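Enquirer:
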Ligand code: HEC
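Numbering (my numbering), first residue to last: 630 to 1060.
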């Protein structure tokens, strides 16, 4: 239906390219006239390619301009092969001409975005982090804060940008649904338009927030990610996973294209990588409550939570992030997640007690004592600085998490060994 219109736009663009060519011809005066002409034709083709990409590919390729395909260095042959699923051979060739002109240092298709070094397994992770397979005795807030989780080697496979053989990738398999594009007076479309005219951090964050609203907010007609009352089930795990992957890929693309630091606070407390973590929540819901509905549910849970968590460890409940890791046997990773999250929790929050509880729960037995000792030490330090829970709800949750911590310690260590730790936990509870 849009074909004639596009052909028209293509002709118009070629005409523009031809007039623009006069100047270029002078610049390339040394080249033979034939070369100048083929340059002009290539120019026109690339312009048409940009247009076609936006119209036919951008609904899934969130970059909008094909930056992702250039950045990850997809070969022309692959671009042609994939493009002809959606457009004519000529248009596919135009897209190739366009992508060839996008300035990007191709990082390679097999490099997952944001990957650092990879640890072999859970023990290797610990050895690389602490020099031995043990939670170091006496380690405290300052030492933990000095560890940047986005730079450590983890035994977690991060999603590739594009993987044709599985869903362990950033590329959403579905375009954004019309309901999301059109909802609230075309809110997302308008913000996307603004972003594509002016790709600032603020405009990217606005798109990201609007997408989150559509998927989570009570008032949204497309809140397919919003947990149902009294449980962890969500209305449509696959639609949720796909929509959040779109949002995550959009945020990642912005960071990669602008060279932005994902760990930096852009504005306020919501960051682009929070949508990465959200994808993990969708996969978690699928794993626990919708068996068989999402392929690779547990793998997706772990890898997306990790790639979101490392950039904002203080933003996410460690019960979720650590839970997936522990399920796949990565209990040292889980312990680290809990205690590294605790370090930067906001003043007045109940999270620190929950982090302690989760560390007590997930730490491998030989780690348990030192890890919990570290966690309690951090809670004591926070209390000493007047940073304990504030508000009724936080106080209740805080006390509850500490009560569970006591039980876990008694069960896992036995009354005698647990006694000194339990005493300190009780002091924190004020009993
Ligand atoms: C309906 C969504 C959708 C549209 C529209 C779409 N793609 Fe894709 N594309 C994908 C997905 C999803 C992947 C990731 C790999 C997979 O799951 O098959 C992908 C991957 C690719 C790849 C990488 C393949 C690889 O080797 O991993 C290329 C190149 C590509 N697309 C080109 C295009 C071009 C060019 C267009 C427009 C003419 C386009 N795509 C339109 C969904 C789409």
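For each residue, glycine too, the CB sits at the ideal point set by N, CA and C. Predicted model only: the values in this text are computed from it and were never measured.
Is it true that the region 957–973 meets the region 745–755, where meeting means three or more beta-carbon pairs spaced less than 8 Å apart?
Expert: In short, these stretches touch, since the Cβ pair count reaches three.
Enquirer: For residue 768, collect the residues of the same chain with a Cβ closer than 6 Å to its Cβ; drop the 5 residues on either side in sequence, then sort them by chain order.
Expert: 1003
Enquirer: Give me the Cα-Cα distance between residue 946 and residue 681, rounded to the nearest whole angstrom.
Expert: 42 Å
Enquirer: Decide if residue 652 is buried, meaning its Cβ has at least 16 other Cβ atoms within 10 Å, or exposed.
Expert: Note on residue 652: pLDDT 38, under 50, position unreliable in the model; no value is reported.
Enquirer: What are the start and end residues of the alpha helix (DSSP H) that includes residue 708?
Expert: 705–712
Enquirer: Check whether the Cβ of residue 667 lies closer than 8 Å to any heavy atom of the ligand HEC, and answer yes or no.
Expert: no
Enquirer: Going by DSSP in three states, residue 1000 sits in which element: helix, strand or coil?
Expert: Judged by DSSP in its simplified three-state form, residue 1000 adopts helix.
Enquirer: For residue 942 and residue 720, what's the separation of their Cα atoms in angstroms?
Expert: In this model, residue 942 and residue 720 are separated by some 44 Å (Cα to Cα).
Enquirer: Candidates 1006, 707, 817, 837: which alpha carbon is nearest residue 766's?
Expert: 1006
Enquirer: At a cut-off of 8 Å, is residue 699 close to the ligand HEC when judged by its beta-carbon and the heavy atoms of the ligand?
Expert: no
Enquirer: Comparing the CB of residue 1061 with every heavy atom of the ligand HEC, is any distance shorter than 8 Å?
Expert: Look at the range of the chain in this structure, 630 to 1060, and you will see that residue 1061 is not part of it.
Enquirer: Assign residue 872 to buried or exposed, taking buried as 16 or more other Cβ atoms, counted over all protein chains shown, within 10 Å of its Cβ.
Expert: buried
Enquirer: Return yes when the Cβ of residue 979 is within less than 9 Å of the Cβ of residue 967, no when it is not.
Expert: no
Enquirer: Can you tell me the Cα-Cα spacing of residue 1037 and residue 763, whole angstroms?
Expert: 20 Å
Enquirer: Can you tell me the Cβ-Cβ gap for residue 918 and residue 860, rounded? I've got them flagged as a contact below 8 Å.
Expert: 7 Å
Enquirer: Is it true that the CB of residue 1042 sits closer than 9 Å to the CB of residue 982?
Expert: no
Enquirer: Does the region 793–805 come close enough to the region 678–697 to have 3 or more Cβ pairs within less than 8 Å?
Expert: The region 793–805 is in contact with the region 678–697.
Enquirer: Give me whichever residues DSSP pairs with residue 789 in a beta bridge.
Expert: Beta bridge pairing from DSSP links residue 789 with 798.
Enquirer: Using the beta-carbon count (16 or more within 10 Å), is residue 659 buried or exposed?
Expert: Since pLDDT at residue 659 reaches only 45, below the 50 mark, its modelled position is unreliable, and no value is offered.
Enquirer: If you measure between the beta carbons of residue 874 and residue 863, is that distance less than 9 Å?
Expert: no
Enquirer: On the three-state DSSP scale, how would you describe residue 975?
Expert: coil
Enquirer: How do the region 779–795 and the region 742–753 stand: do at least 3 beta-carbon pairs fall below 8 Å, yes or no?
Expert: yes
Enquirer: Spatial neighbours of residue 761 within its chain, please: C-beta separation below 8 Å, excluding the five flanking residues on both sides.
Expert: 755
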